[in-house]
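For reference, the structure is listed below as structure tokens.
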Amino acid sequence: MILAKLYRNDTLLILIAIALGISLGVVQPQWATRMKPLSDVFLGVIGHAVPLVMFVLVSSAVAGFGERGQKTRCASRVLAYFLLMTVLSLITGAALAILLAPGVGGESLPASIARPISDLPSAVMTSLAQIMAHTVILPVLLAALVFGLGLGYAGDAGEPLRRRLDALVGWLLWALRKVLRFAPLAAFGAMAFTVGRYGPASAWSLLKFVGTVYCACLLFVTLVLGLTARCTGLGLWRLIVYIKAELCLVAFTGASVAAVPGLIEKLERAGCDQRVVRLVLSTGYTFNLTGSNIYLTCALVFLAQAAGVVLDGPLLVMLLLVTLVTSMGSTSAAGSAFLTLAATVAGLNLVPLENLGLLLGVERLMKCRSLTNVIGNSLACVVISAWSGALDRLALREALMPGKATLPDAVAGKR
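Just add 973 to wherever you are in the sequence shown, counting from 1, and you've got our numbering.
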């Protein structure tokens, strides 16, 4: 019976796997580095499933909205919310990096031989070309939106296909949940490799950079997301506790998309509208990756500081505008944020591209990035459902505070 309970407790299984991975990394670092394929295979399967899952979720959600006005209103709310969160997260990352200056005082990196690009359209197009060469998510999302809109406008003629699409969503989420049963093995492999390969020590400047990103993510979650949740009448901490198993899974696999099946089930159970949840989560894992955005601007400022590049007002504004566009090329797959950073560096030409090698050593330590992504998208589902008048607050209270949902009504009845 104890083993059966242990098997059903995903959080405990992952924590045990993490402890074993850390122990192996400390005791036998050479063996530990050979565990990396356990994580790579798991992330590879998840990564290959992402385009299909995103296409089905987005097209199903868009087709499920009834009238054209309803589609437009929901899409407008989603886009407005995503744009606001993206801007705030980019500014938070840049501001903290400028304030804490993690790249100042360390070993100087080579500066770019060419001058930084001063033409904004040229910088944006160069960065977007780099991103499109490394990801298929943006074309897939566009195709899903067009397909979903066409299916929705087909009316009764498209109803059989819509039903099959909904059934396919259920099947895909079931298949993903089965794959996620192997998450403890991936967590074990990732932690064993990280501890065995890098050890506890790092260069001081890199430690400062990691600390800066974590501080920026914590500040964003506490102030921006906390205030947003409070305006919706929600305690952010209760939501974080509610999705703790998904956060634990993401923290030790590094892939935000690994949490999607569990989040869809939990957020729908918490009273969020099914169509909103599917639309927000599927599109949010490309357009609302606030943690990846924070990392992006922190890393750019850090690299500029380490290379001795002075970020004056106009250059800083250009950096923020370019990252506002290139951040849309991120995906929830592990390593995507680093590819987006490389594309942005190539577009801005602030520092040589080879300087990015400095950040590879701490890439696997950026757990706060994925955690912030998951918290931000989970909150977005609640906020947009509330804005749309489609949030079941009684179900939300019952999910976040089990046993207390009917307390106010009971008290009111006694009075």
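No residue lacks a Cβ here, since even glycine has one placed at the ideal position from N, Cα and C.
Bear in mind that the values here come from a model prediction, so they are computed numbers and not experimental data.
Check, Outcome
"Test item: CB-CB of N1346 and T1263 under 8 Å", "yes"
"DSSP state of Q1001 mapped onto helix, strand, coil", "coil"
"Per-residue DSSP class, three states only, for N1261", "coil"
"Residue ranges of each alpha helix (DSSP H) within the segment 1202 to 1230, 4 or longer", "1209 to 1215, 1217 to 1224"
"Nearest-angstrom Cα separation, counted from M1374 out to A1315", "43 Å"
"Coarse secondary structure for M1164, derived from DSSP in three states", "helix"
"Delimiting residues of the alpha helix (DSSP H) encompassing M1291", "1286 to 1299"
"Neighbour-count burial assignment, D1129, 16 or more Cβ in a 10 Å radius", "exposed"
"K1239 classed as buried or exposed, judged by whether at least 16 other C-beta atoms fall within 10 angstroms", "buried"
"Close beta carbons around L1025, own chain, < 6 Å, minus the five adjacent residues each side", "none"
"CB contact flag (L1209, L1198, <8 Å)", "yes"
"Cβ pair C1354, C1190 closer than 8 Å", "no"
"A1242 in three-state terms, based on DSSP", "Ala is not the amino acid found at residue 1242; the sequence shown has Arg there. Helix at R1242."
"Length-filtered (4 minimum) alpha helix (DSSP H) runs lying within the segment 1338 to 1362", "1340 to 1360"
"Option nearest P1075 by Cα separation, candidates L1134, Y1126, C1271, A1359", "C1271"
"Close beta carbons around G1066, own chain, < 6 Å, minus the five adjacent residues each side", "A1189, I1267, T1270, C1271"
"CB contact flag (A1310, S1265, <8 Å)", "yes"
"Per-residue DSSP class, three states only, for A990", "helix"
"Between the CA atoms of V1113 and G1235 - distance to the nearest angstrom", "23 Å"
"Cβ-based neighbour list, G1131, same chain, cut-off 6 Å, excluding 5 preceding and 5 following", "L1124"
"Three CB pairs or more closer than 8 Å across the segment 1143 to 1162 and the segment 983 to 998", "yes"
"Range covered by the alpha helix (DSSP H) that runs through A1368", "1366 to 1373"
"With 16 other Cβ atoms within 10 Å as the buried cut-off, status of Y1215", "buried"
"Proximal residues to L1052 (C-beta, below 6 Å), its chain only, five neighbours per side dropped", "none"
"Neighbour-count burial assignment, A1070, 16 or more Cβ in a 10 Å radius", "buried"
"Alpha-carbon spacing of L986 relative to S1351, whole angstroms", "23 Å"
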